[in-house]
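Residue numbers (the numbering used here), protein chains in the order written: chain A, 57 to 312; chain B, 1337 to 1654.
Here a beta-carbon is modelled for each residue, glycine too, at the ideal position from N, C-alpha and C.
Here is the structure:
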């Protein structure tokens, strides 16, 4: 089973490596990091913080964008182009196929993240900006966040069109970043039904803000082990649930 | 009843699709049943839209049947492990075009569980078998439709399966390619394999298949050995007569059950072969002239056309 999943995953990575689109997106991300350097040089206060804020924001935004826009096509493209027909006639289950595609895209996204981070670290070293363990914590949680975003995109890709899947995935990511604030606003509202809605939004939708330690890292605030471990466990749990739902949906599909 | 040498068993399969988001369902398979025996080449024949590909997709587990039972080599089609024993060529196959011919076959061999030490030689063997050795290291995006069809056949055979399912295997091939594939299918039978072939090209079926099922409008119309089809029914003859008086034409219809069709001044009629001589005598005595008399061979095509016409008549009646 693992060999079959790995065969599909490694082929998905190979597809990405041979695709021009991802190199273009990666180029944009690196250009944005360069812009961060330029902006930090223009500022007369706290150059390091501007570089980190802007650099991390660029990396996160582009990584999420790549994860969503490649992820929503992940399964749909296989069905649309009918490559899935020959693959599923081989001795592997639909769930193995879906997991293979998921892990393949995840490895691709992490590789891209690795390139962006390497570039970011390189520019930080050249410009003399300080880097520490807190920066590593930011990247570690970004890895989990990206795994979750790929799982969301995979879920929608398993049953709907790329257009709708993009719409839903982007929507969930944006609202997922706001649910903490919405919950706080709901708690202050006089209408209890609003509080109920915002509380449940926070419970049901992925709490994306829990993976973002950029502010703590940029301001040199202490990051505890639990700040890292709790979001990791939460993220992995959420991913497992999403993948199980995706597999259940995909198992029932008819490929007409 | 299942017999021990039934490789593929399809029993009373019904498939309904929902055309849109509504509750309305469209039935595309109306309780079809047939079986494929060991070491035979089975032709599944029907016009476009008859339900051939849907049936094959049900067998491959790509579509779930609404009701009924299907098994391959005694396994339910939703199981996966037995697929090590089957190969499948879909209609108009599409592959990852960023891979080369060699890479795609290696990919399928890995998925099929071909052992690592055998993979490279097996891939080379298959590339040679389908005539793609020269193009083995070119990306699939540079392949022609016929070459992709050959890749499709190669991936279906790369793990040396016991049963091979081919959906329109001659599609996109030139005459040489078609002959190569026909020869390959016949060679598979000599190797002891069972072949299930979806097609609407009847000449291919007559040349390679042992048994055939004809499907039209989602219903099986005939199933049996090719030889049975070709000798089935009473031999007939086609007569073409000129200057036939109207009253004699009526008499021919009444006495011999002749089916008449007019072609200007000539009339074409089909009668039982044993009635050809008396019918011609009657016509000649009435002053008509016999233009031609040709024995009518019952072919798969005529059976196919009868099946299609029957299904159209039934649809019109309902």
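Which value, in whole angstroms, describes the spacing of the CA atoms of residue i and residue j?
| i | j | result |
| --- | --- | --- |
| residue 1371 (chain B) | residue 1381 (chain B) | 14 Å |
| residue 1613 (chain B) | residue 1556 (chain B) | 37 Å |
| residue 2 (chain A) | residue 1435 (chain B) | As shown, chain A starts at 57 and ends at 312. That puts residue 2 (chain A) outside it, with no answer to give. |
| residue 297 (chain A) | residue 304 (chain A) | 11 Å |
| residue 1455 (chain B) | residue 1548 (chain B) | 35 Å |
| residue 1551 (chain B) | residue 1513 (chain B) | 27 Å |
| residue 1656 (chain B) | residue 1588 (chain B) | Past the boundaries of the shown model lies residue 1656 (chain B); chain B is included only from 1337 to 1654, so the question cannot be answered. |
| residue 1337 (chain B) | residue 1582 (chain B) | Interpretation of residue 1337 (chain B) is limited by its pLDDT of 48, a score under 50 that renders its predicted location unreliable; the figure taken from the coordinates is listed afterwards. Whole-angstrom Cα-Cα distance: 53 Å. |
| residue 1621 (chain B) | residue 1572 (chain B) | 22 Å |
| residue 1351 (chain B) | residue 279 (chain A) | 58 Å |
| residue 138 (chain A) | residue 1394 (chain B) | 15 Å |
| residue 165 (chain A) | residue 115 (chain A) | 11 Å |
| residue 1375 (chain B) | residue 1493 (chain B) | 16 Å |
| residue 1519 (chain B) | residue 1354 (chain B) | 40 Å |
| residue 57 (chain A) | residue 277 (chain A) | 44 Å |
| residue 1558 (chain B) | residue 1346 (chain B) | 14 Å |
| residue 1490 (chain B) | residue 300 (chain A) | 34 Å |
| residue 1388 (chain B) | residue 1534 (chain B) | 6 Å |
| residue 174 (chain A) | residue 308 (chain A) | 42 Å |
| residue 73 (chain A) | residue 1403 (chain B) | 44 Å |
| residue 54 (chain A) | residue 220 (chain A) | Here chain A comprises residues numbered 57 to 312, so residue 54 (chain A) is not present and cannot be evaluated. |
| residue 1482 (chain B) | residue 1472 (chain B) | 14 Å |
| residue 1460 (chain B) | residue 1446 (chain B) | 14 Å |
| residue 1601 (chain B) | residue 1579 (chain B) | 6 Å |
| residue 1561 (chain B) | residue 1504 (chain B) | 20 Å |
| residue 1531 (chain B) | residue 1636 (chain B) | 19 Å |
| residue 92 (chain A) | residue 1469 (chain B) | 52 Å |
| residue 1349 (chain B) | residue 1649 (chain B) | 23 Å |
| residue 225 (chain A) | residue 119 (chain A) | 14 Å |
| residue 1465 (chain B) | residue 1369 (chain B) | 34 Å |
| residue 1619 (chain B) | residue 1480 (chain B) | 58 Å |
| residue 113 (chain A) | residue 227 (chain A) | 18 Å |
| residue 247 (chain A) | residue 1401 (chain B) | 50 Å |
| residue 110 (chain A) | residue 1390 (chain B) | 54 Å |
| residue 193 (chain A) | residue 260 (chain A) | 25 Å |
| residue 151 (chain A) | residue 306 (chain A) | 7 Å |
Which residues in chain B sit within 7 Å of residue i, going by Cβ to Cβ distance?
| i | result |
| --- | --- |
| residue 139 (chain A) | 1430, 1431, 1432 |
| residue 147 (chain A) | 1416, 1417, 1419, 1420, 1448, 1449 |
| residue 310 (chain A) | 1399, 1400 |
| residue 71 (chain A) | 1432, 1434 |
| residue 233 (chain A) | In chain order: nothing, as chain B lies at least about 32 Å away. |
Please list the partners that residue i has in chain B, where partner means a Cβ-to-Cβ separation under 8 Å.
| i | result |
| --- | --- |
| residue 74 (chain A) | 1434 |
| residue 144 (chain A) | 1396, 1397, 1398 |
| residue 201 (chain A) | Simply none; closest approach about 29 Å. |
| residue 109 (chain A) | Within chain B, no residue comes near residue 109 (chain A); the closest Cβ sits about 38 Å away, beyond 8 Å. |
Note down, in chain order, every chain B residue with its Cβ under 9 Å from the Cβ of residue i.
| i | result |
| --- | --- |
| residue 63 (chain A) | 1443, 1446, 1447 |
| residue 60 (chain A) | 1446, 1447, 1449 |
Just the chain A side, please: which residues come within less than 7 Å of residue i by C-beta, in chain order?
| i | result |
| --- | --- |
| residue 1424 (chain B) | 142, 145 |
By the criterion of Cβ-Cβ separation under 9 Å, what are the contact partners of residue i in chain A?
| i | result |
| --- | --- |
| residue 1393 (chain B) | 141, 310, 311, 312 |
Just to check my reading of the structure: residue i and residue j have Cβ atoms closer than 8 Å, yes? What is that Cβ distance to the nearest angstrom?
| i | j | result |
| --- | --- | --- |
| residue 1487 (chain B) | residue 1554 (chain B) | Contact flag wrong, Cβ pair sits at about 31 Å. |
| residue 311 (chain A) | residue 141 (chain A) | 7 Å |
| residue 1411 (chain B) | residue 1397 (chain B) | So it is not a contact: roughly 10 Å between Cβ atoms. |
| residue 1409 (chain B) | residue 1499 (chain B) | 7 Å |
| residue 1644 (chain B) | residue 1426 (chain B) | About 24 Å separates the two Cβ atoms, so there is no contact after all. |
| residue 153 (chain A) | residue 89 (chain A) | Residue 153 (chain A) to residue 89 (chain A), Cβ: 36 Å. No contact. |
| residue 69 (chain A) | residue 170 (chain A) | Their Cβ separation, rounded to whole angstroms, is 13 Å, which puts residue 69 (chain A) and residue 170 (chain A) out of contact at 8 Å. |
Report whether the distance from the Cβ of residue i to the nearest heavy atom of the ligand ADP is below 7 Å.
| i | result |
| --- | --- |
| residue 1500 (chain B) | Among the components modelled here there is no ligand, and therefore nothing to report on the ligand ADP. |
Residues within the region 151-184 of chain A neighbouring chain B, beta-carbon criterion of under 9 Å: 152
Whole alpha helix (DSSP H) elements within the region 1466-1491 of chain B, 4-residue minimum: none
In chain order, each alpha helix (DSSP H) run of at least 4 residues that lies wholly inside the region 1585-1653 of chain B: 1612-1621, 1636-1653
Residues from the region 112-138 of chain A in contact with chain B, defined by Cβ distance under 8 Å: 137, 138
Any alpha helix (DSSP H) of 4 or more consecutive residues that is wholly inside the region 1342-1423 of chain B: 1388-1395
Cβ-based contacts, 9 Å cut-off: residues of the region 1489-1502 of chain B near chain A: 1491, 1492, 1495, 1501
Every unbroken alpha helix (DSSP H) within the region 67-147 of chain A, with a cutoff of 4 residues, ordered by chain: 76-98, 103-127, 130-136, 139-144
Within the region 1532-1581 of chain B, ranges of the alpha helix (DSSP H) (whole runs, at least 4 residues): 1538-1544, 1562-1567
Alpha helix (DSSP H) runs contained entirely in the region 229-270 of chain A, provided each spans 4 or more residues: 248-260
Alpha helix (DSSP H) runs contained entirely in the region 176-200 of chain A, provided each spans 4 or more residues: none
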